[in-house]
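When we follow my numbering, the leftmost residue of the sequence shown carries the number 20, and every step to the right adds one. Read through the structure below, which is laid out as structure tokens, and then see the notes.
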Amino acid sequence: MSAPPLLKAPAAAAASLVAAAAAHRATAAAAAPSGASRVPPRRLRCSASGAAAVEVRAPMDWATRSLEEMQRAEDFDSFCLMGLSPLDGRYERFTRDLKPFFSEFGLIRYRVIVEVKWLLKLSQIPEINEVPPFSKEAQLFLDAIIQDFSVADAKEVKKIEKTTNHDVKAVEYFLKQKCSSNPEIAKVLEFFHFGCTSEDINNLSHALALKEGVNTVMFPVMMDICKAMCSLATQNSTIPMLSRTHGQPASPTTLGKEMANFAARLSSIGNSFSEVKILGKFAGAVGNYNADVVAYPEVDWPKVAEDFVKSLGLEFNPYVTQIEPHDYISKLFNLFVQFNNVLTDFDRDMWTYISLGYFKQIVKAGEVGSSTMPHKVNPIDFENSDGNLTIANGTLSSLSMKLPISRMQRDLTDSTVLRNLGVGLGHSLLAYKATLRGINKVQVNESRLSEDLDQTWEVLAEPIQTVMRRYGIPEPYEKLKEMTRGQAVTKDSIRQFIEDLDLPEAARSSLLKLTPHSYIGEAEFLARNIEEVVDLKSGFKIE
């Protein structure tokens with residue numbers, strides 16, 4: 020069967036690597052008769068099941084190749100300058116790893132994967148005689164479309180879309196055009212997109228993008244943050260620090276313990292990601308397999324759909340309408356919002372610690388802090404992270420609230436909103452990397468920490484009144500309140516107060532040994548023990 024009308028042959032890739040690969044495939048396809056052997060293409064994790072073993076390639080090699088191709092484009096710098104979002108402009112270098120998954124290229128590529136693998140699945144269903152099992156050569160041909168999908172291929176799909184004004188249909192036409200040169204596949208071109216609604220293709224594409232993009236790009240950086248905080252905790256477990264509650268001096272802690280608090284919180288949220296099941300549907304226009312049943316009533320379509328969705332590494336959702344209801348995306352993004360909230364708390368605490376002088380910022384040659392005040396070294400990384408987390412959470416929260424709600428079965432707002440999956444994650448990734456840069460640029464100022472403790476002997480009022488309670492001294496809280504509240508409290512005045520108490524000598528001696536530096540409770544132990552609490556080996560993951 021010939022390709023659909025108005026479609027031209029795919030444009031040659033700008034990159035020599037891609038062009039050479041395309042030329043090799045074209046030459047091999049034209050020269051080898053049906054059944055003849057040929058050099059097998061490289062294989063990805065998404066390759067066709069049942070095909071013979073071929074050269075193994077790193078699962079995410081396709082992502083690296085696509086980024087290299089993009090960056091070699093002559094107009095790439097101009098594109099970055101004209102980007103409406105800083106994710107594609109000033110900060111592109113920090114977020115580019117997400118592009119293969121959540122860009123227009125990524126969405127098109129995942130659609131191609133789903134369409135090709137669905138055709139392969141149809142060929143494995145005995146009742147569908149019209150699509151007989153493919154030969155090894157045909158499977159390799161289809162597999163190569165997935166493996167070698169390039170930016171140039173995506174541009175060809177977009178060119179087709181200018182005619183169809185329908186993005187998913189453009190992918191179908193692209194595949195028909197691509198396969199029309201293969202005699203075996205050309206006979207079954209109309210079984211591309213068989214029984215499918217666009218959302219069958221889209222929901223699986225978004226699910227694959229989320230699973231691979233989050234596992235591959237987001238989680239490793241989030242783990243790096245937890246590791247950095249654990250290092251801060253253990254390395255500074257013994258350094259005493261004045262706590263603050265309501266912004267006022269409070270019982271001392273250690274610097275390491277304050278870092279451990281954040282490591283534990285973020286790790287707990289991170290481990291919860293494993294509870295999210297990435298779901299997919301493949302049940303036709305309204306979720307009932309209507310057209311499939313009419314065409315092939317003898318096929319167990321719910322079982323076929325379940326097997327197909329699971330073959331992609333996704334969980335199957337049997338109860339759907341035209342759309343997969345996106346409840347799992349809400350759960351996933353809510354977890355990111357929680358993680359981001361905790362990180363915002365950390366960023367603001369670090370900003371405050373720097374302002375108090377507890378941390379010094381390492382000066383980097385050539386950097387400018389202020390355009391008018393030469394002395395300034397601003398905490399820009401923590402500020403950058405804070406700002407991007409605000410934008411990220413606004414986007415992620417909006418997606419989380421909107422996606423589970425649709426008019427009856429579906430409307431175009433779903434498609435519009437889903438195209439912004441990468442925005443919330445992109446600003447999150449930008450924030451995570453900024454926080455890591457900020458952590459790497461600070462060093463502890465122990466003398467400043469010690470200075471604050473030396474000036475706040477009043478914090479010992481808490482342990483003194485607590486010991487007084489134990490030994491039955493009346494009104495201990497009130498006595499300490501009268502002595503310390505609004506008063507200048509010194510080492511000498513505290514010691515004199517303790518000396519005058521009617522306490523056993525051992526208790527009095529213990530209190531006299533206390534200083535703001537030593538009154539840290541179990542903070543040191545808790546900081547040192549953080550790596551027993553935070554699992555730094557298993558990491559965050561979605562199965």
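Glycine is no exception: its CB is placed at the ideal position from the N, C-alpha and C atoms.
Span of the beta strand (DSSP E) holding residue i?
i	result
T264	P259 to T264
K452	Where K452 is concerned, there is no enclosing beta strand (DSSP E), although the alpha helix (DSSP H) it sits in stretches over L440 to N459.
S270	Q267 to T273
Residue i and residue j look like a contact to me (Cβ under 8 Å); what is the Cβ gap, rounded to whole Å?
i	j	result
L499	A480	4 Å
I297	L229	6 Å
N464	F401	That belief does not hold up - the Cβ atoms of N464 and F401 are roughly 16 Å apart, past 8 Å.
V323	S224	No, V323 and S224 are not in contact; Cβ-Cβ is about 19 Å, not under 8 Å.
D311	G299	Their Cβ separation, rounded to whole angstroms, is 16 Å, which puts D311 and G299 out of contact at 8 Å.
I204	F238	Between F238 and I204 the Cβ distance is about 37 Å, and since that is not below 8 Å, they are no contact.
E494	C249	Their Cβ separation, rounded to whole angstroms, is 44 Å, which puts E494 and C249 out of contact at 8 Å.
V187	R130	6 Å
P271	I539	5 Å
V436	L422	6 Å
F355	S447	6 Å
P321	P344	At roughly 17 Å, the Cβ-Cβ gap does not stay under 8 Å, so P321 and P344 are not in contact.
When the Cα of residue i is compared with those of the options, which residue comes out closest?
i	options	result
A315	L141, V131 and A77	First, the amino acid is wrong: residue 315 is Tyr here, not Ala. Out of L141, V131 and A77, L141 has the C-alpha closest to the C-alpha of Y315.
A411	K177, A283 and L362	L362
F213	E175, N309, M502 and T272	N309
N403	R547, Y110 and S270	Y110
A163	K178, K136, H185 and I144	K136
T503	G445, D366 and A269	A269
V339	A282, V295 and S425	S425
S528	L555, I483, S557 and G491	I483
T409	W370, N360 and T435	N360
H265	E541, D368, R128 and V207	D368
G491	L522, F355 and S97	L522
S417	L444, D405, G406 and N397	L444
L208	S512, P259 and P151	P151
Identify whether residue i lies in helix, strand or coil by the three-state DSSP scheme.
i	result
T409	helix
Q341	coil
P495	helix
A480	helix
N280	helix
S224	helix
Q515	helix
T253	helix
S546	Looking at the sequence shown, residue 546 is not Ser but Ala. Note: A546 maps to helix in three-state DSSP.
E562	coil
V135	helix
E7	Absent from the structure is residue 7, since the part of the chain shown begins at 20 and ends at 562.
A39	Any reading at A39 needs caution, since the residue's pLDDT is 38, under 50, leaving its predicted position unreliable; the model's value is listed next. Three-state DSSP puts A39 in a helix.
P52	A caution first: P52 carries a pLDDT of 36, below 50, which makes its placement in the model unreliable, though a value can still be read off. In the structure shown, P52 sits in coil (DSSP, three-state: anything other than H, G, I, E or B).
R57	The pLDDT assigned to R57 is 34, lower than 50, so where the model puts this residue is not dependable; a value taken from the coordinates is nonetheless given after this. Coil.
D319	coil
M427	coil
F121	helix
Y129	helix
L422	coil
V396	coil
S142	coil
A384	coil
A33	Annotation note: pLDDT 33 at A33 (below 50); position unreliable, coordinate value reported separately. In the structure shown, A33 sits in coil (DSSP, three-state: anything other than H, G, I, E or B).
K27	Interpretation of K27 is limited by its pLDDT of 35, a score under 50 that renders its predicted location unreliable; the figure taken from the coordinates is listed afterwards. In this structure, K27 counts as coil in the three-state DSSP scheme.
For the alpha helix (DSSP H) that contains residue i, what are its first and last residues?
i	result
A378	Going by the sequence as given, residue 378 is Phe instead of Ala. Run containing F378: none in the alpha helix (DSSP H); it sits in the beta strand (DSSP E), F378 to Q380.
Q357	D346 to L375
Y192	D186 to C198
C99	F95 to M101
P523	That residue, P523, is in no alpha helix (DSSP H); it is neither H nor E in DSSP.
L86	D80 to R91
S173	Here the sequence assigns Ala to residue 173, which means Ser is not the residue at that position. Segment V170 to T183, the alpha helix (DSSP H) holding A173.
I164	K155 to Q166
R115	No alpha helix (DSSP H) holds R115; DSSP gives it neither H nor E.
V312	N309 to A314
When DSSP builds the beta bridges, which residues end up paired with residue i?
i	result
L555	For L555, which the question treats as bridged, DSSP gives no partner whatsoever.
L298	E334
V463	F378
Counting contacts by CB-CB distance shorter than 8 Å, is residue i in contact with chain D?
i	result
F559	Within the model displayed, chain D is absent; a lone protein chain is all it includes.
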